[in-house]
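Peer 1: Chain order of the listed sequences is A and B.
For what it's worth, numbering that gives the first Met the number 0 labels the leading residue of the first sequence as 0, then goes sequentially.
For what it's worth, numbering that gives the first Met the number 0 labels the leading residue of the second sequence as 0, then goes sequentially.
Handing you a structure now.
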Amino acid sequence: MGLLAFELAYWQQTVIKMLVVAVAVPGAAFVLGYVFLFKMLSFMQSRLGPMEAGPYGTLQLIADGVKFLQKEDILPDRADRFVFKAAPAVVLISTFLLFVVIPAGPNAIVEDLGVGIFFALAVSSLSVLGVLMAGWASANKFSLMGGLRATGQLIAYELPLVLAVVGVVIQAGTLSMQGIVNAQSGGEIFGWGGLGNPFLLTQFLGLVIFMIAVQAELTQVPFDMPVAESELVGGYHVEYTGFRFLFFFMGEFGTAFAFAAIAATLFLGGWALPDSWGVSGTAMHVLGPIILVAKVMILSFFVFWVRFTYPRFREDQLQQLAWKVLIPLSLVNIVATGILKVAF
Amino acid sequence: METTFDLPANIAFGVIAVAIIVAAIRVVTTRNIVHAALWLVVVLGGVGAIYILLQAEFVAVVQYLVYIGAIVVLFLFGIMLTRAPLGEMLDLTNRTMRVGAIITAVILVTIMVFSVVDSFRDEEVDFIAYSGDVAAAQTFADLSAEEQETVLDEVAAIGAEGTDLGPVGRTETVSDSIFRDYLIPFEVISALLLAALIGAIVIARRD
């Protein structure tokens with residue numbers, strides 16, 4: 000709140016922060032859904048995509064959202080009522096909590112927790128619970144299969160996700176997200192500080208492992224066994240309609256945005272410009288969010304590019320990639336980073 | 000400033016404690032095995048909330064990552080992989096469990112009363128929010144100007160790391176005690192867990 004001439008009380012700050020996150024999650028889902036799911040996918044397939052609702056179809060997702068809200072809230076006859084209703088909320092809460100530790104400027108962070116990145120990884124693992132609850136409570140064998148596949152996949156890719164981050168944490172020497180940003184903007188490459196020291200250069204392997212694991216965590220193609228339409232209709236959310244389905248949609252795209260923002264913070268320097276450029280802190284309050292969103296869009300582009308390009312993995316290929324390739328590679332990365340950290 | 004009774008923290012503790020107890024009772028009395036696992040999530044989440052209340056941030060996050068994100072999820076995965084009936088399973092609770100419950104409760108209460116009395120005697124303990132408490136302020140005032148400067152620098156360094164937690168909550172303290180003071184027990188436990196893991200694989204293999 001450094002820009003304001005007056006201090007806000009703690010509860011006022013908390014209310015503002017909650018409102019910002021409450022807007023940020025649907026906003027992020029909206030932007031990614033429109034730019035990539037509607038427009039980029041259409042262009043890759045030589046078509047225009049939605050063009051009618053608003054200029055260039057920009058309001059299409061809002062129209063879809065309103066449509067979802069109007070639909071009947073169907074509850075399967077044999078479903079476990081409470082668990083069925085609670086499951087989408089669990090997934091969405093996990094997404095909301097992810098946004099708590101993402102820094103978008105010198106002060107633009109809900110709470111710069113000391114355990115920052117570790118907190119983000121912990122709350123992202125809670126969404127598995129919602130997926131399992133949804134799969135089981137729907138009383139549908141396709142849902143249950145989808146839930147089980149999703150869980151097996153998320154457990155397997157949780158490990159490379161966490162291990163890929165360890166290299167960055169060793170290099171930055173802190174778990175705090177702002178600390179990691181500062182370590183990069185204030186860093187030097189062999190005494191030359193012209194670009195800071197984005198961990199993209201030293202932790203490139205970490206970035207690749209992280210992004211592959213994110214793809215799997217989001218159950219995006221090629222890791223879409225849990226929601227494979229041709230086999231399971233829709234996996235764990237096959238019985239969901241209306242606003243509960245909208246919750247899952249927002250959870251998926253909101254999490255995609257959050258993970259892209261976390262990757263941008265960990266590997267691309269986050270909201271900051273290199274210290275040696277001498278941009279004032281006041282300017283960064285405005286520039287920070289713009290820089291962060293630009294980096295998020297670049298990383299999301301890769302996520303969706305892969306999604307629209309590759310065919311689906313088989314279950315055994317998927318598990319082998321995690322356990323036999325990504326986890327050993329990330330362990331090697333940790334050992335190498337540790338040795339170099341001590342050596343330099 | 001004699002009293003340090005922190006009313007909000009005590010109220011929060013009360014609410015969380017009641018939620019944990021109710022959920023814990025539901026874990027053993029519910030007749031739906033998946034519901035039991037989900038009530039367990041509430042219990043473990045409540046314990047995590049108490050860690051946060053005690054300002055042990057790192058331990059709280061580990062609680063959520065390991066217990067809820069991994070262990071309960073594996074429970075549920077195992078249950079659903081084998082059998083996951085939607086209705087009630089009548090054989091999940093029976094009369095003999097009351098005997099077991101009474102015995103366990105007596106043992107638990109005995110151990111807890113003993114350990115609480117043994118460690119605190121007649122001290123009065125409240126939830127005290129970490130603060131520059133009276134004694135610390137006095138100690139600080141007694142220091143020379145130079146020493147005061149060093150302390151302020153240290154405080155500023157901690158502030159730059161984005162944490163104003165008490166010494167217990169800081170991640171550095173946790174890692175220092177695990178990898179310095181308790182390194183050997185820590186490694187022994189890792190070896191034990193590895194052995195258990197290999198044992199499980201050997202038992203599960205059919206060839």
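Even glycine gets a Cβ: it sits at the ideal position worked out from N, Cα and C.
1. CA-CA distance, Trp270(A) and Thr170(B)?
2. Mind checking the region 111 to 129 of chain A against chain B and listing, in chain order, the residues whose C-beta falls within less than 8 Å of any C-beta there?
3. Spell out whether any CB of chain B is found under 7 Å from the CB atom of Thr150(A).
4. Which class does Ile15(A) belong to by DSSP, given the choice of helix, strand or coil?
5. Between the region 302 to 313 of chain A and the region 134 to 148 of chain A, do at least 3 Cβ pairs fall closer than 8 Å?
6. Using 7 Å as the limit for Cβ to Cβ distance, is Met97(A) near chain B?
7. Please tell me whether Ser175(A) and Gly234(A) are closer than 7 Å, where the distance is taken between their beta carbons.
8. Any C-beta of chain A sitting closer than 7 Å to the C-beta of Phe76(B)?
9. Which whole-angstrom value is the C-beta distance of Gly68(B) and Val127(A), which I expect to be below 8 Å?
10. Suppose only complete runs of 4+ residues qualify. What are the alpha helix (DSSP H) ranges in the region 105 to 170 of chain A, listed by chain order?
11. Whole angstroms are fine: how far does the CA of Met79(B) sit from the CA of Arg77(A)?
12. Measuring straight from C-alpha to C-alpha, what distance separates Leu160(A) and Leu199(A)?
13. Taking 6 Å as the cut-off, is the beta-carbon of Trp10(A) closer than that to any non-hydrogen atom of the ligand ZN?
14. For Leu160(A) and chain B, any beta-carbon pair shorter than 7 Å?
15. Take Thr201(A) and list the residues in its own chain whose beta-carbon comes closer than 7 Å to its own, dropping the five residues that flank it on each side.
16. Using beta carbons (cut-off 7 Å, strictly below), is Leu43(B) in contact with chain A?
17. Residues of chain B with CB closer than 9 Å to the CB of Gly166(A), please, in chain order.
18. Three-state secondary structure (DSSP) at Trp191(A)?
19. Mark Tyr9(A) as exposed unless 16 or more other C-beta atoms lie within 10 angstroms of its C-beta, in which case mark it buried.
20. Is the shortest distance between the beta-carbon of Ala128(B) and the beta-carbons of chain A less than 7 Å?
21. Is the shortest distance between the beta-carbon of Trp135(A) and the beta-carbons of chain D less than 7 Å?
22. Could I get the ranges of all uninterrupted beta strand (DSSP E) runs contained in the region 169 to 257 of chain A, with 3 residues as the minimum, in chain order?
23. Could you give the first and the last residue of the continuous alpha helix (DSSP H) run that contains Asp288(A)?
24. Do Gly241(A) and Thr94(A) have their C-beta atoms closer together than 7 Å?
25. Verify the CB distance criterion: does Met88(B) have a CB-CB separation below 7 Å to chain A?
26. Out of Pro25(A), Gln12(A), Asp79(A) and Ala182(A), which one is the CA nearest neighbour of Asp274(A)?
27. Using a C-beta cutoff of 7 Å, does Leu91(A) count as contacting chain B?
28. Give a yes or no on whether the minimum CB-CB distance between Pro7(B) and chain A is below 7 Å.
29. Can you list the residues of chain B that Val82(A) reaches, using a CB-CB cut of under 9 Å?
30. Leaving out five residues on either side along the sequence, give the residues of the same chain with a beta carbon under 8 Å from the beta carbon of Pro288(A).
31. Val72(B) CB to nearest chain A CB: under 7 Å?
Peer 2: Inspection of the coordinates gives the following:
1. Roughly 25 Å between the two C-alpha positions.
2. Those would be Asp111, Leu112, Gly113, Val114, Gly115, Phe117, Phe118, Leu120, Ala121, Val122, Ser124, Leu125, Val127 and Leu128, in chain order.
3. Closer than 7 Å to some Cβ of chain B, the Cβ of Thr150(A) qualifies, so yes.
4. The answer is helix: DSSP assigns Ile15(A) an H, G or I state.
5. At 8 Å Cβ cutoff, the stretches do not touch.
6. Note that residue 97(A) corresponds to Leu in the displayed sequence, not to Met. Using beta-carbon distances, Leu97(A) does not count as an interface residue toward chain B, since no partner is under 7 Å.
7. No, the Cβ-Cβ distance between Ser175(A) and Gly234(A) is not below 7 Å.
8. So, interface residue.
9. Their Cβ separation, rounded to whole angstroms, is 7 Å, which keeps Gly68(B) and Val127(A) in contact under 8 Å.
10. For the region 105 to 170 of chain A, whole alpha helix (DSSP H) runs of length 4 or above, ordered along the chain, are 115 to 123 and 126 to 136.
11. So the two alpha carbons sit approximately 17 Å from each other.
12. Their Cα atoms are separated by approximately 16 Å.
13. This structure lacks the ligand ZN, and indeed carries no ligand of any kind.
14. It does not; no Cβ of chain B falls within 7 Å.
15. The residues are Gln170.
16. No - not a single Cβ of chain A is within 7 Å of the one on Leu43(B).
17. Residues of chain B passing the Cβ test: none, with the nearest at roughly 17 Å.
18. In the three-state DSSP reduction, Trp191(A) falls in the strand class (E or B).
19. Label assigned to Tyr9(A): exposed.
20. The pLDDT assigned to Ala128(B) is 46, lower than 50, so where the model puts this residue is not dependable; a value taken from the coordinates is nonetheless given after this. Proximity of Ala128(B) to chain A, defined by a Cβ-Cβ separation below 7 Å, is not satisfied.
21. In the structure shown, chain D does not exist; the protein chains are A and B.
22. Qualifying beta strand (DSSP E) stretches: none in this window.
23. Note that residue 288(A) is Pro in the sequence shown here, rather than Asp. If you look at Pro288(A), you'll find it in the alpha helix (DSSP H) that goes Gly280 to Thr308.
24. Going by C-beta atoms, Gly241(A) is not nearer than 7 Å to Thr94(A).
25. No, no contact with chain A.
26. For the set Pro25(A), Gln12(A), Asp79(A) and Ala182(A), the Cα lying nearest the Cα of Asp274(A) is the one of Ala182(A).
27. Chain B, which has no Cβ nearer than 7 Å to the Cβ of Leu91(A), makes this no.
28. So no, Pro7(B) is outside the interface.
29. Within chain B, the residues near Val82(A) are Val33, His34 and Leu37.
30. Within the same chain, and ignoring the five residues on either side of Pro288(A) in sequence, the residues whose Cβ sits closer than 8 Å to its Cβ are Ala103, Gly104, Ala107 and Trp270.
31. Yes - at least one Cβ of chain A is within 7 Å of the one on Val72(B).
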